[in-house]
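Numbering (the working numbering), first residue to last: 89 to 584.
C-beta atoms are modelled at their ideal positions from N, C-alpha and C, and glycine is treated no differently.
One structure is given here, and the rest of the page talks about it.
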Amino acid sequence: MIQISVNRLLLLVCGFIIFFDNFVFWGKSFQRIDYFGIPGFGFFLSFFALFFVLLYLILLLFSNKYMLKIFLSIVLLTSAIISYFSELGVVFDQFMLTNIIDNIKEQNTREALELLSISLIIHIGIFAFIPILLLWLVKIKRQTFFIESRNRILTTIGVIVVCTIVIWSNMKYLTYFSRENLDLKYFINPLFVIDSGVKYTKKNYFPNKKEKFKVIGDDAVISDIKKQKTVGIFIVGETARADRFSLNGYKKLTNPRLEKQKMMNFSNVSSCGTSTAYSVPCMFSLLGKDDYSPQKADNQSNVLDILHKAGVKVFWLDNNSTCKGACARVENKNIFSQGKFDISMLDNLKSYIDNQKSDVLVVLHSLGSHGPKYYKRYPQAFEIFTPVCNSTPEECTNIEVNNAYDNSILYTDYLIDSTIKLVKKNYPNSFVFYASDHGESLGEKGVYLHSLPYIIAPKEQTHVPMLAWFSDERSGSISQPLSHDNISHSLLGLFK
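Rendered as structure tokens:
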């Protein structure tokens, strides 16, 4: 059996991860700099040195010879998974980590299983299982504590000295390129994920002194001059793009039912974030995008709390993972685990509303167009645009991916229209409001899914549809710039 020292093993693992789990980073940087020129080659050497020394020191810090193979196996597996999803345009920032950890806490195996694909398994096999197998085939050299400590110190000093010389000699190129290409940091695997993990841990487990919960609108009241109760249905869309609504000019007829309704269409709306965990609480917060953070939103009343305090019966019905804290202080129910289509949320809805004597606001959190397996979001009868992708996007043609996604939008059209018909028939003083939490990339510039940091997110992930139907059947198309910031104030106005 081949024997190898701890230090050499760490050096080999560092080199493997930097070269084989960072294709996205090297590919993007290669597009922006000529590695074959002196400045470009200098940048390559200096960045490689910086990357290497940081990763080596992190691995060294957590390396115990008795747990070394287990630790490195986890690092190799994690890096391989991150590299796979990075190739789809996914960025593992602290908000993505929030999504992942929330799903683990919620035991959301359904969403996790939908991410599995043949290509993912092959990728993990090549870039994780093979190196892990080789890792376990070698034997760690047994050395005395003194010799091992000496070797670690000498190796660490050598790595730092060599890398420092390389970095310093090319500092001019490294500084300039890094300053002009800050977005590349999101694809440095696994350093950016480690940084995100530290930030997530600090915010969630070691926060600054927690302030007292801020109650807003404690004196809010509903006018008592109305003769009929107000019934409002707010549909939270999932992963819907504004440019895929035929109401907004899309070439495919994805809104055949809604185009027959008299309603307000807001065609120029920007989302608060690019992920459900970030956007959904923001939609019902009074903070506004510029001042919003999940921690702030958690620590103060939102519009649902205010309406509830004012006497409106608020009920949140979820066919998605969870409400991400937005419904924490109002009545709520989750049917996501039942695996039903969104239309099932209308079952027994009339009965629930009829049993309420006060004004009613029901929030329907739909599964909408949640990816990557869009074909699972609608019944077979709604598979109008064909051929469709019956797997994950990376295993299908662009046409198949887009057709499956467009069918999910067609089904959303059906959900909204059915909701409108329900309240139109039964409640003279009513409204239906729809807004998606964020959009979705469908392969544009090689990017899929969502959750990119807002600063670099394409419009496909931030330009969302927003619609409103009112019982007085006012209609029109509003093209002025709006955002999720307008939702809370609109809801308050509708129940005044």
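Buried versus exposed call for residue i [16 or more other C-beta atoms within 10 Å across all chains shown]
i      : result
Trp256 : exposed
Arg238 : exposed
Pro481 : buried
Gly581 : exposed
Val476 : buried
Asn436 : exposed
Ile209 : exposed
Gly564 : exposed
Met89  : exposed
Thr410 : buried
Glu548 : buried
Pro369 : buried
Met554 : buried
Asp573 : buried
Pro295 : exposed
Asn277 : buried
Residue i: first and last residue of the uninterrupted beta strand (DSSP E) it sits in
i      : result
Asn324 : Note that residue 324 corresponds to Val in the displayed sequence, not to Asn. Run containing Val324: 319-325, per the beta strand (DSSP E) assignment.
Phe558 : 551-558
Ile566 : 564-566
Whole-angstrom distance between residue j and residue i, CA atom to CA atom
i      : j      : result
Asp393 : Val418 : 7 Å
Phe85  : Phe104 : Summary: the structure shown does not reach residue 85, with the chain confined to residues 89 through 584, and so no result is reported for it.
Glu532 : Lys229 : 49 Å
Ser567 : Gln195 : 41 Å
Lys340 : Ser161 : 48 Å
Ser506 : Glu488 : 27 Å
Lys509 : Glu347 : 14 Å
Asp109 : Tyr440 : 52 Å
Ile304 : Ala385 : 12 Å
Arg198 : Asn491 : 23 Å
Ala328 : Ser363 : 12 Å
Ile504 : Pro569 : 23 Å
Asn95  : Ile253 : 21 Å
Ser359 : Gly213 : 37 Å
Phe139 : Ile106 : 8 Å
Leu99  : Leu537 : 34 Å
Same chain only: Cβ atoms within 6 Å of residue i, ignoring 5 sequence neighbours per side
i      : result
Ile188 : none
Phe470 : Asn495, Leu498, Tyr499
Thr186 : Ala365
Lys464 : none
Phe521 : Phe322, Ala556
Start and end residues, alpha helix (DSSP H) containing residue i
i      : result
Val663 : The shown model of the chain, from 89 to 584, leaves out residue 663, and the question about it has no answer.
Asn95  : 94-108
Val281 : 279-293
Pro541 : Per DSSP, Pro541 belongs to no alpha helix (DSSP H) and is neither H nor E.
Leu579 : 573-582
Ala365 : 364-371
Gly125 : Premise fails: Gly125 is in no alpha helix (DSSP H) and is neither H nor E.
Gly115 : 111-120
Lys229 : Neither: Lys229 is in no alpha helix (DSSP H) and is coded neither H nor E.
Within-9 Å CB hit, residue i to chain B
i      : result
Ser524 : Although the question refers to chain B, the structure presented lacks it and comprises just one protein chain.
7 Å Cβ shell around residue i - same chain, five flanking residues per side excluded
i      : result
Val391 : Phe372, Leu374, Ser576, Leu579, Leu580
Lys519 : Per the sequence shown, the amino acid found at residue 519 is Phe instead of Lys. Result list for Phe519: Gly320, Ala556, Trp557, Phe558, Ser559, Leu582, in chain order.
Phe473 : Lys340, Asn491, Asp494, Asn495
Lys157 : Leu223, Trp224
Unbroken beta strand (DSSP E) runs of length 3 or more, entirely within the stretch 478-532: which are they? If we require 3 residues or more, the beta strand (DSSP E) runs fully inside the stretch 478-532 come out as 518-524.
For the stretch 155-227, which segments carrying the alpha helix (DSSP H) assignment without a break, of at least 4 residues, lie completely within its bounds, in sequence order? 156-174, 182-193, 197-202, 206-212, 218-225
Kindly provide the ranges of any beta strand (DSSP E) runs that are 3 or more residues long and lie completely inside the stretch 389-471, ordered along the chain. Runs found: 401-406, 419-422, 448-453.
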